[in-house]
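Note that our numbering numbers the sequence shown so that position 212 is 211, with each residue one more than the last. Inspection log for the structure reproduced underneath, given as structure tokens.
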Amino acid sequence: MKILFLDQSGKSGGAELCLLDTAKPYQAGSLIGLFEDGPFRSLLEEHQIPVQVLSQTTIRVRKESSWLTGLSSLSQLLPLVARVVQLSRQYDLIFVNTPKALVVGAVASFLTDRPLVYHLHDILSREHFSASNRRLLVTLANRAAWVIANSQATRSTFIAAGGRSEISSVVYNGFQPEKYTQKSVSASFQTGISKFTIGHFSRLSPWKGQHILIEALTHCPEDVTSVFVGDALFGEQKYVQQLHQQIEQLGLRDRVQFLGFRADVISLMGACDLIAHTSTAAEPFGRVIVEAMLCGKPVIAAKAGGAAELIDHGVNGWLVAPGEPKQLAEMIQALRSDWQTTIAVAQSAQRQASDRFHLEKVNQQIHQRLTQVLDDREYAP
Ligand code: UDP
Ligand code: GLC
0 MKILFLDQSG
10 KSGGAELCLL
20 DTAKPYQAGS
30 LIGLFEDGPF
40 RSLLEEHQIP
50 VQVLSQTTIR
60 VRKESSWLTG
70 LSSLSQLLPL
80 VARVVQLSRQ
90 YDLIFVNTPK
100 ALVVGAVASF
110 LTDRPLVYHL
120 HDILSREHFS
130 ASNRRLLVTL
140 ANRAAWVIAN
150 SQATRSTFIA
160 AGGRSEISSV
170 VYNGFQPEKY
180 TQKSVSASFQ
190 TGISKFTIGH
200 FSRLSPWKGQ
210 HILIEALTHC
220 PEDVTSVFVG
230 DALFGEQKYV
240 QQLHQQIEQL
250 GLRDRVQFLG
260 FRADVISLMG
270 ACDLIAHTST
280 AAEPFGRVIV
290 EAMLCGKPVI
300 AAKAGGAAEL
310 IDHGVNGWLV
320 APGEPKQLAE
330 MIQALRSDWQ
340 TTIAVAQSAQ
350 RQASDRFHLE
360 KVNQQIHQRL
370 TQVLDDREYA
380 P
């Protein structure tokens, strides 16, 4: 099967890391087209997945932009669309992984009569997208042969926004469990006098809620520290400054470390006692939650969106209300005070997650449906 995969980003965000795993089985004869250059291209090259950067300029329009900004970016889009149309003719199917890729891919699919598949990694809510962008994306997605939603939460928001239920289904991200159980843990950050380290693994962005964990530390004993792994991938410099100010104001300088973007997430997770996920808006899926489980680490997550599907409270992790630092701190303390039970839950979560999110099963599911999409096309009148 020859697939043209399209993604707007050159950065290795969660949607891109998922694409790497999805595209791998098709590397012979397929291509990933990126709309900007960046570390994700190098990562794909390391994995011998054919990749091409299709645009020299970054498309200005953002998730929250109005249709007017969208329109003014047309001059940037046209050469890219022309390039994608030309490329599409060499492939059986167009697989789009991000909103801007959907816009370009939908036009190419229409002009070249190639079926379109959209991997929807976003919750199409007003917290994340302007009304005009939501309308545009749903209208275009409704032309797809298949919309893969990364969680029930993502799918229901798509349907509530006018998306067709009959073309959409849920496929969770897949993972290779054996990668997470390697015992080569190198404590690659300063643990200092800390007895208890909470890891936070997310890009730095207001809705990822790093400030909630920082605030929670003030309600925890002094020996509780935190380490933030991840960078501001999409220009959230102001938020980064605010985090540093918050730490100064709360006198937490000795209890917080920032490591920036790291490629060794697994060994860093291994060096933490507990992982916190603190998104203040509904998380579409939340790869870090599953990764924490696969590493056998206790995980507390904000109860919204995909996170609430991944975690069964007290069974394979713990849920707290989003945006509630005090509740988070109380949960941290409760888990510490019954550490034996906490570890038992984390170990059982590891076993369950290894089966539930196995990449091989996920890729099989995707492959079956893609084959069906192509078969339906062949026999269509
Ligand atoms: N990640 C990483 N290095 C970092 C921070 C995060 O490789 O420094 C990875 C993390 O392991 C996860 C992904 O980035 O696989 C983030 O995906 P998630 O679904 O949690 O959130 P997103 O950023 O996609 O919204
Ligand atoms: C997006 C979402 C994240 C999800 C990832 C992979 O980046 O923000 O929640 O885990 O895609 O589907």
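Glycine included, every Cβ here is placed at the ideal spot set by N, Cα and C. Given the structure is predicted, the values throughout are model-derived calculations rather than measurements.
Proximity winner among the options, relative to residue i (alpha-carbon distances)
i: arginine 133; options: Ala143, Gly161, Val84, Arg376; result: Gly161
i: lysine 296; options: Leu139, Ala352, Gln248, Pro283; result: Ala352
i: arginine 202; options: Glu282, Gln363, Glu221; result: Glu282
i: glutamate 177; options: Leu358, Leu76, Thr370; result: Leu358
i: arginine 125; options: Phe157, Asn141, Val146, Gln151; result: Phe157
i: glutamine 363; options: Gln151, Gly173, Leu101; result: Gly173
i: glutamine 236; options: Pro205, Ala262, Glu214; result: Pro205
i: proline 98; options: Gln7, Lys360, Gln371; result: Gln7
i: isoleucine 48; options: Asp36, Gln75, Gly12, Phe4; result: Phe4
i: valine 298; options: Ile274, Ala143, Gly285; result: Ile274
i: isoleucine 331; options: Leu53, Thr196, Ala81; result: Thr196
i: histidine 218; options: Leu327, Leu123, Trp145, Lys194; result: Leu327
i: alanine 100; options: Ser54, His366, Tyr90, Ser74; result: Ser54
i: serine 164; options: Gln175, Tyr171, Arg142; result: Arg142
With 16 other Cβ atoms within 10 Å as the buried cut-off, status of residue i
i: aspartate 121; result: buried
i: serine 183; result: Any reading at serine 183 needs caution, since the residue's pLDDT is 48, under 50, leaving its predicted position unreliable; the model's value is listed next. It counts as exposed.
i: alanine 306; result: buried
i: proline 321; result: buried
i: histidine 118; result: buried
i: phenylalanine 109; result: exposed
i: alanine 343; result: exposed
i: glutamine 85; result: exposed
i: glycine 285; result: buried
i: glutamine 175; result: exposed
i: isoleucine 145; result: It should be noted that the sequence gives tryptophan, not isoleucine, for residue 145. Buried, because 16 or more other Cβ atoms sit within 10 Å of the Cβ of tryptophan 145.
Rounded straight-line distance, which links the Cα of residue j to that of residue i
i: phenylalanine 227; j: arginine 88; result: 44 Å
i: arginine 154; j: histidine 199; result: 26 Å
i: valine 50; j: glycine 28; result: 11 Å
i: aspartate 311; j: alanine 345; result: 12 Å
i: alanine 14; j: asparagine 96; result: 7 Å
i: glycine 304; j: isoleucine 166; result: 21 Å
i: methionine 292; j: tryptophan 317; result: 11 Å
i: serine 185; j: tyrosine 179; result: Reliability fails at serine 185, whose pLDDT of 49 lies under 50, so the model's placement of it is uncertain and the value that follows must be treated cautiously. Distance between the alpha carbons of serine 185 and tyrosine 179: 13 Å.
i: aspartate 374; j: tyrosine 25; result: 17 Å
i: lysine 10; j: methionine 268; result: 21 Å
i: leucine 334; j: alanine 262; result: 28 Å
i: leucine 79; j: alanine 300; result: 39 Å
i: glycine 250; j: alanine 130; result: 41 Å
i: lysine 360; j: threonine 21; result: 11 Å
According to DSSP, residues forming a beta bridge with residue i
i: glycine 259; result: Val228
i: tyrosine 117; result: Val95, Val146
i: phenylalanine 200; result: Val228
i: aspartate 6; result: Leu33
i: isoleucine 48; result: Answer is none; isoleucine 48 lacks a bridge partner.
i: phenylalanine 195; result: Val223
Next item on the list: Would you be able to state if there are at least three C-beta pairs under 8 Å between the region 202-212 and the region 240-256?
Entry: yes
Margin query: Does the region 213-222 come into contact with the region 246-256, if we say contact requires no fewer than three beta-carbon pairs (one atom in each stretch) closer than 8 Å?
Written below: yes
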